């Protein structure tokens, strides 16, 4: 919330032109933390991209900012996410990824790391995780990036860039969940090293996130085994040349 407000003050933007469309999850508390003049709508679980599409098409001058979680965006809202990226609607989609369903009791999410413990995987998570960045790239989003809450300056830079970009911007943000992910897992999750510590404090989780975040330029020279259960961060695509959805729709209106 503080970062959002700082960016809008730095860029001298009118919050009323950037409506916030918020899904359901722990991150939904941002509804109460952002700029007082922001236009906000709390939507159904997984449906924020659909609501944002309606907003943009009804008032093309607006640029919706969507806040979503890894559970509602990549789980129940997966199809909405794919088609938002495919259409290249002028909006910003934040995916707050804490690798767990934190608000509903700590169940395994599509992004839960292999080997992790959760209330629905009491022995370990055995499924491969979904990758929001890879899905966004495959679906056609024109600006795609990933960073973490442990890198706030980078997050601010990506946010400012997305505000100026015309098209779908997807920014995945790795976030901590001490309550369910942290206190059930060790800081050497997925490795074969010595037994690590339980990540039962915010400080431990922040350090774990930083330790397991690898910049894309470094990741290019690492093996698949070395990148196991890591978060690759950086900018993955920036394509300002791709046509934007509402502008293409306007062309159809003009010839209809």
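Numbering (the UniProt record's numbering), first residue to last: 1 to 256. Just so it is clear, CB atoms sit at the ideal spot from N, CA and C, and this is done for glycine as well. On a predicted model such as this, the values are computed, not experimentally measured, just so you know.
C-alpha gap between residue i and residue j, whole angstroms
i	j	result
residue 243	residue 88	7 angstroms
residue 181	residue 90	33 angstroms
residue 85	residue 93	9 angstroms
residue 139	residue 158	20 angstroms
residue 125	residue 255	53 angstroms
residue 219	residue 228	11 angstroms
residue 80	residue 47	7 angstroms
residue 259	residue 225	Since the first residue shown for the chain is 1 and the last is 256, residue 259 is missing from the structure and cannot be characterised.
residue 246	residue 5	27 angstroms
residue 179	residue 119	12 angstroms
residue 108	residue 129	10 angstroms
residue 58	residue 253	13 angstroms
residue 154	residue 249	34 angstroms
residue 114	residue 212	14 angstroms
residue 26	residue 8	23 angstroms
residue 160	residue 172	15 angstroms
Exposure of residue i, with buried meaning 16 or more beta-carbon neighbours within 10 Å
i	result
residue 223	exposed
residue 98	buried
residue 122	exposed
residue 215	exposed
residue 241	exposed
residue 164	exposed
residue 132	buried
residue 105	exposed
residue 162	buried
residue 72	buried
residue 11	exposed
residue 152	exposed
Spatial neighbours of residue i in its chain, beta-carbon cut-off 7 angstroms, leaving aside the 5 residues before and after
i	result
residue 187	196, 197, 199, 204, 208
residue 53	84, 89
residue 16	37, 39
residue 1	30, 33, 34
residue 42	22, 28, 31
Identity of the residues DSSP links to residue i by a beta bridge
i	result
residue 40	20
residue 169	92, 143
residue 214	232
residue 257	Only positions 1 to 256 of the chain appear in this structure, which leaves residue 257 out of reach.
residue 67	22, 94
residue 174	97, 148
residue 238	143
residue 107	101
Within-9 angstroms CB hit, residue i to chain B
i	result
residue 39	Judged by its chain identifiers, the structure shown contains no chain B, having just a single protein chain.
Residues near residue i by beta carbon distance below 6 angstroms, same chain, minus five either side
i	result
residue 150	206, 209, 210
residue 44	none
residue 177	98, 100, 102
residue 141	85, 168, 170
residue 110	74, 75, 130
8 angstroms Cβ shell around residue i - same chain, five flanking residues per side excluded
i	result
residue 82	135, 139
residue 76	45, 46
residue 183	198, 199, 200
### Query
Do three or more CB pairs link the segment 220-239 to the segment 131-147 at distances below 8 angstroms?
yes
### Message
For the segment 3-20 against the segment 50-68, do three or more pairs of beta-carbon atoms, one drawn from each stretch, fall closer than 8 angstroms, so that the two count as touching?
### Response
yes
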